[in-house]
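Notes to accompany the following structure.
Numbering (the working numbering), first residue to last: 326 to 988.
And the structure:
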């Protein structure tokens, strides 16, 4: 079929996306310099590391990057067995940890295989009495937003005979450790060993420990590591220590409340050991013995840090390396660091909540992303679809609720899901480009299309759906539905089951029965285009409702605009659809406070398949425009009845659903 220009409608006046950064924090907190060491130059211009991004910065972002389980299925675990199963699986997984997982036996370290993301849900996920280990060859792992605690053994301060690590890496590469709270671990809270490479450790809290965070342990000068925005509080040594690291970049870290047992040597902050090349920038040391020190064979460059009540070694010699030659990064003022890490380090509520799956960056198709959604999904999960045309059919099954399908372009026409199946090949349902059977699904900033060319084919079944829904509590915001016959079907699983659909600020086009079904459906502040079929008498029907007779609310079109280039008096507002001759499907349609074009007939409701429109529940209320003339064949709803036929009344159901109030 030939699409009109209107099929790629723009939204006028759409503001651009603004990415807010916490750049004014120092001024807001009135933090001043407290004895800055050598001033650090500003970081190289380029994309800065956002505090909430789901992609790592620093060395973990290099040499192909670290994406963890992106592209794999998403699962939620609440016990040790499930966590161990998915962590060790060969396939990629995003593993959401919910609640407290207690390890048995005490000190168990779960092996983590390659291509995994392990992320805590909100700020309450915990691993207690155990941790994780990444064995040689493991790569592409993200561990985020967890508390890992309590493998300390009373009276065994030095942990020589236990070696219970919080997270241990042995010859692993491309690993991101982020927003973890480590507490009371015996031995190391984080051990990065045996030539592990391309590691970033960011926004973590290391608390109440002796041997905290060690790096290295071989004579090879191999490891590349970024350590930033971490808070070391109540720790004694290895904060971190870096042994034979090729490149160790430490910036914007905060060391405070150092534990001290009077040990003059092994109570310290950062240590560049062996042949390590270390750069320290804009960190904050408060009450620390030996805040930074280096072996004679190492190189340590320190600039821009604040030292308060520090004693002992403050070593700095050699040229080390320039981190800007490897990556761009945001360097916060040292004075802001204590407030920053107190606010942003450790587990965060907003990190482990709704998951976002990216199409096509992580999943090649929209359906592949849907397939990755866990069964019985209980947390809103966003499928973010990049601008482009996706020629595929998409099905969201009933077992995968709580999905947000979102186009990321500037305009809904930038992201199009389209296919070209007519009902002749698979029936009406089988023709749908997108089918939503799940509850609680929202789609926004997208175009759904069925571009079957009915003018070029002579078929018995020319119905070609762009969208069919049967789920409850479905929302479409700023979406477009493109097609001809049967463009948008909002239905329910069976006649007596009420499903609700809310369409707002959207665009729907078609010619025959192109808004139809038995779901309670509200279309608000939208544009409905009735396409011309070239007839001088009958160009089509906008609605074909099949509302169950026990449901007082079928279709409500309100505060919208119906437009058409069809000749005057050639379009019906609707007709009553009784699927399979079902007598209890008694259409209910109210069109109110809506602009109607001249194309609308003076008698706009008509019979269908032997069922009279007069037996249906067709009404109008206070419409306007050239097609809104009142005649004997146009039932008008009274002001009194209109007060009980509002958006709220249609959508409330028994659970008080009110998506329209969120705007």
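Even for Gly, the Cβ is constructed at its ideal location relative to N, Cα and C.
Judging by CA-CA distance, which residue of the options is the nearest neighbour of residue i?
i, options, result
"residue 943", "916, 966, 825", "916"
"residue 557", "550, 706, 535, 569", "535"
"residue 861", "852, 893, 841", "893"
"residue 550", "405, 559, 567, 937", "567"
"residue 533", "764, 491, 518", "491"
"residue 687", "383, 436, 390, 987", "390"
"residue 838", "847, 869, 716", "869"
"residue 604", "552, 633, 631, 560", "552"
"residue 522", "597, 386, 764", "386"
"residue 906", "937, 891, 925, 928", "937"
"residue 852", "919, 746, 799, 819", "919"
"residue 400", "703, 959, 952", "703"
"residue 958", "898, 965, 924", "898"
"residue 932", "912, 676, 947, 921", "912"
"residue 449", "563, 673, 810", "673"
"residue 497", "483, 526, 461", "461"
"residue 447", "486, 675, 954", "675"
"residue 735", "430, 435, 712", "712"
"residue 955", "646, 588, 978, 921", "921"
Go through its chain and collect everything with a Cβ distance to residue i's Cβ below 6 angstroms, but skip five positions before and after it.
i, result
"residue 700", "724"
"residue 808", "775, 789, 791, 835"
"residue 715", "691, 742"
"residue 973", "none"
"residue 890", "857"
"residue 871", "843, 902, 904, 910"
Using only the alpha-carbon positions, how far apart do residue i and residue j sit?
i, j, result
"residue 880", "residue 742", "25 angstroms"
"residue 580", "residue 669", "15 angstroms"
"residue 984", "residue 468", "35 angstroms"
"residue 875", "residue 730", "32 angstroms"
"residue 641", "residue 663", "23 angstroms"
"residue 476", "residue 514", "10 angstroms"
"residue 427", "residue 479", "19 angstroms"
"residue 578", "residue 565", "11 angstroms"
"residue 793", "residue 710", "20 angstroms"
"residue 420", "residue 801", "29 angstroms"
"residue 439", "residue 518", "17 angstroms"
"residue 524", "residue 613", "26 angstroms"
"residue 395", "residue 678", "16 angstroms"
"residue 968", "residue 961", "13 angstroms"
"residue 706", "residue 425", "22 angstroms"
"residue 369", "residue 384", "Legend: pLDDT at residue 369 = 41, less than 50; position of this residue unreliable, value from coordinates given subsequently. Those two C-alpha atoms are separated by around 15 angstroms."
"residue 831", "residue 805", "6 angstroms"
"residue 590", "residue 502", "28 angstroms"
"residue 437", "residue 610", "34 angstroms"
"residue 618", "residue 508", "25 angstroms"
"residue 622", "residue 681", "46 angstroms"
"residue 458", "residue 442", "14 angstroms"
"residue 698", "residue 683", "12 angstroms"
"residue 584", "residue 499", "32 angstroms"
"residue 545", "residue 569", "6 angstroms"
Taking the alpha helix (DSSP H) that residue i falls in, what are its first and last residues?
i, result
"residue 774", "Note, residue 774: premise wrong, no alpha helix (DSSP H); beta strand (DSSP E) at 766 to 775."
"residue 886", "Taken as a continuous stretch (DSSP letters only), residue 886 belongs to no alpha helix (DSSP H), being part of the beta strand (DSSP E) at 886 to 889."
"residue 669", "662 to 669"
"residue 977", "972 to 977"
"residue 755", "752 to 756"
"residue 408", "405 to 413"
"residue 694", "691 to 697"
"residue 942", "Element bounds for residue 942: not the alpha helix (DSSP H) but the beta strand (DSSP E), 942 to 946."
"residue 967", "964 to 967"
Look up residue i in the DSSP assignment and give the residues it is bridged to.
i, result
"residue 436", "458"
"residue 741", "714, 772"
"residue 398", "418"
"residue 720", "760"
"residue 566", "539, 596"
Any Cβ of chain D within less than 9 angstroms of the Cβ of residue i?
i, result
"residue 468", "Absent from the structure is chain D; it holds one protein chain and no more."
For residue i, which residues of its own chain have a beta-carbon under 7 angstroms away from its beta-carbon, when the five flanking residues on both sides are left out?
i, result
"residue 863", "895"
"residue 971", "none"
"residue 636", "614"
"residue 352", "Only weak support is given to the placement of residue 352: the predicted model assigns it a pLDDT of 34, under 50, and the question is left unresolved by the model."
"residue 511", "476, 477, 478, 481, 484, 487, 489"
For residue i, report the span of its beta strand (DSSP E) as first-last.
i, result
"residue 474", "472 to 474"
"residue 855", "852 to 855"
"residue 793", "792 to 794"
How about residue i: is its Cβ closer than 8 angstroms to a heavy atom in the ligand ATP?
i, result
"residue 443", "The model depicted lacks the ligand ATP and carries no ligand whatsoever."
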